[in-house]
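Residue numbers in the sequence shown follow this note's numbering, run continuously in steps of one, and reach 494 at the last position. Just so you know, even glycine gets a beta-carbon here, dropped at the ideal spot from N, CA and C.
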Amino acid sequence: MSAFDEKQAIEAVHPQLLIGGQWRDAEGGKTFPVEDPSTGKTLVEVADGTVADGKAAIDAAVAAQKDWAATPPRDRGEILRKAFELITERTDELAMLMTLEMGKPLKESKAEIAYGSEFFRWFAEESVRISGRYSVAPNGATRLLTLKQPVGPVLMITPWNFPLAMGTRKIGPAIAAGCTMVVKPAGLTPLTMLWLGAVLAEAGLPDGVLNIITTTSTGEVMEPIIRDPRLRKLTFTGSTEVGRSLIEQSAQGLLRVSMELGGNAPFLVFADADLDKAVDGAMLAKMRNIGEACTAANRFIVHESVAEEFATRLTERMQGLSVGRGTDDDIDVGPLVEAKQRDKVAELVDDAVQKGATVLTGGSAPEGAGYYYSPTVLTDVPLDARLTKEEIFGPVAPIFTFADEEDALRMANDTEFGLVAYAFTQDHARAIRVYEGLETGMVGLNQGIVSNPAAPFGGVKASGFGREGGAEGIEEYLETKYVGIAL
Ligand code: NAP
């Protein structure tokens with residue numbers, strides 16, 4: 008068992024709304040249960056926010072905006088830096104909390120904490136580098152000054168799969184830029200965000216800069232905030248389907264919008280690949296976060312000359328993983344987040360098998376409590392299987408084969424999504440052709456992970472628009488103003 012006590016981790020959270028610096032119950036006192044996916048049991052009841060609570064949250068963000076924008080950049084950066092340190096010190100406590108509500112093993116929770124907290128350190132450093140430009144107009148008659156100002160109050164809606172990092176990569180740059188915010192974490196995993204709200208307050212974040220609303224009436228509570236003319240930006244991470252409807256709602260107010268949506272990552276292995284590296288990369292790209300990642304490899308597209316060896320080696324590695332409750336330090340694969348998710352994975356595998364795929368390992372859900380699905384490798388997967396088009400979001404690796412490079416690229420790009428692709432080759436010229444030809448926002452070349460706070464994360468096509476992290480990340484929260492100056 009882990010060093011940190013489960014009960015203590017839950018008790019460290021205010022299961023309430025954070026509005027204007029106050030922890031408060033939802034209007035009417037309603038609550039909803041947060042469940043442990045490894046047992047199906049309730050961990051704690053959390054405030055179930057209403058439309059009036061949502062209005063109070065945006066009121067608080069609007070009220071705090073002017074003073075917050077005027078706070079010196081260094082002070083904003085210091086708050087982020089302090090929060091980074093507090094999160095790092097309390098990694099064990101937060102890891103336990105995240106594992107309990109989301110199911111991922113403790114080592115995965117710790118990896119997310121290292122990644123997610125790094126957005127605060129990165130944007131603490133960026134906060135003091137917001138700059139403008141001064142130039143002479145081409146005709147010499149005027150001077151052109153450009154300056155950057157915070158966008159204003161932002162609504163952030165985040166998913167359950169990375170309950171910390173999907174929040175910090177929005178909150179970090181917003182704080183650095185001088186924006187206030189209302190954050191709506193996923194109903195399945197609200198505890199991590201509530202924990203983070205308390206840590207940011209302890210780090211010195213003024214009241215009202217960050218407001219957190221948890222609710223089960225999600226659409227009903229979010230829509231009035233999105234349509235509120237005082238809101239300046241909506242940033243969303245989640246499914247493409249919900250993203251589309253939020254864009255429609257935001258069109259009326261001409262909101263600035265960032266969308267980090269679904270993926271269907273191809274993982275290409277060429278005949279000249281270093282197979283040791285490719286198998287290591289495959290395990291990371293597939294099994295990070297139990298496959299519940301938008302960046303998860305969804306289709307392994309392998310040259311026919313190495314496909315059998317790749318499949319055998321991947322199968323051995325998948326069979327070596329330990330499956331169980333994530334609170335145990337030795338576990339590699341925890342339960343999926345809820346029964347619906349486990350059933351969807353099972354449906355996609357059954358569909359592929361019915362259409363002719365061969366199961367090399369796994370292929371079913373183990374008996375007993377919790378929403379587990381066994382690590383699975385499929386070969387001979389037909390191109391009309393549903394999982395070629397849909398996100399699996401689980402520990403399932405389907406392998407397809409190709410004959411030449413052009414084929415591989417065509418198969419890789421044959422999806423509405425365009426978040427990330429992985430390619431393994433030792434041929435330099437091929438690598439260039441491939442990363443230039445892939446229709447994605449990110450490419451992992453000879454590596455199975457791309458997430459890095461210092462790099463711009465984001466997609467093209469139905470995977471969305473906008474970038475989080477890197478030098479680009481803070482631009483999403485800044486407006487450019489130009490001043491023409493007469494001589
Ligand atoms: P989801 O169902 O779209 O939910 C995401 C968030 O949107 C949750 O907070 C959810 O609240 C909220 N939401 C749902 N319906 C809404 C509505 N009508 N109005 C306003 N908000 C609404 O996605 P998910 O299942 O949590 O997350 C998995 C998806 O996220 C996958 O497709 C994955 O690829 C994508 N993802 C993308 C990235 C990226 O960076 N591109 C990163 C991580 C995940 P409730 O929880 O209350 O329903």
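For the pair residue 475 and residue 464, the CB atoms are nearer than the 9 angstroms cut-off. For residue 218, there is no enclosing alpha helix (DSSP H); the enclosing beta strand (DSSP E) covers residues 217 to 219.
Annotation for residue 62: the continuous alpha helix (DSSP H) segment containing it runs 58 to 77. Per the C-alpha coordinates, the member of 397, 230, 137 positioned closest to residue 354 is 397. Boundaries of the beta strand (DSSP E) around residue 150: 149 to 157. In this chain, residue 260 is not harboured by any alpha helix (DSSP H), its DSSP state being neither H nor E.
The Cβ neighbour count for residue 247, taken over all protein chains shown within 10 Å, is at least 16; the residue is labelled buried. The beta-bridge partner set that DSSP reports for residue 241 consists of 162, 264.
Residue state for residue 305 is assigned as strand, using DSSP reduced to three classes. Counting along the chain, the unbroken beta strand (DSSP E) around residue 30 starts and ends at 29 to 31. The C-beta separation of residue 362 from residue 392 comes to about 5 angstroms, placing the pair in contact by the 8 angstroms criterion. In this structure the segment 235 to 245 lies against the segment 159 to 179, because at least three pairs of beta carbons, one per stretch, are closer than 8 angstroms. DSSP, reduced to helix, strand and coil, places residue 206 within a helical segment of the structure shown. DSSP lists 43 as the bridge partner or partners of residue 48. Counting along the chain, residue 322 sits inside the alpha helix (DSSP H) bounded by residues 314 to 326. Residue state for residue 142 is assigned as strand, using DSSP reduced to three classes. As the crow flies, the alpha-carbon of residue 310 is around 15 angstroms from that of residue 283. Taking the Cα positions, residue 71 is about 5 angstroms away from residue 215. By the criterion of a C-beta distance shorter than 8 angstroms, residue 61 is surrounded in its chain by 189, 220, 222, 228, 229, 231, 232, once the five residues flanking it on both sides are discounted.
Using a cutoff of 8 angstroms, the CB of residue 243 counts as near the ligand NAP, since one of the ligand's heavy atoms is closer than that. Here the segment 410 to 424 makes no contact with the segment 318 to 334; the two share fewer than three CB pairs at distances below 8 angstroms. Counting of Cβ neighbours within 10 angstroms places residue 55 among the buried residues, the total reaching 16 or more.
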